[in-house]
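If you want it as structure tokens, here you go:
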């Protein structure tokens, strides 16, 4: 239930079509990340877009929180390539 008793806003995940509260969409994107090693041997993440296929890049390598960095990369990809607004 939303603030002041209203309904929470839900949206459908681009990747799996699950209904997700908009406020939890960024956290949900993290379940679609694939852990890999970057060119420097550090933990990083990539993902497979249902339309574009598996990305040939990895995000988060060498960052303090690689999972957060990669989750943001998912949102930017969706905005840039598929015109899906940032959550």
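Residue numbers (our numbering): 598 to 684. We put the beta carbon where it would ideally sit given N, CA and C, even for glycine.
- Restricted to the stretch 621 to 660, the beta strand (DSSP E) segments that are unbroken, complete and at least 3 residues in length are 630 to 634 and 640 to 646, listed in chain order.
- In the DSSP assignment, residue 669 falls within the alpha helix (DSSP H) that extends over 663 to 679.
- It is roughly 10 Å from the alpha-carbon of residue 615 to the alpha-carbon of residue 625.
- Residue 652 and residue 683 have their C-alpha atoms roughly 19 Å apart.
- For residue 658, the closest alpha carbon among the candidates 643, 617 and 613 is that of 643.
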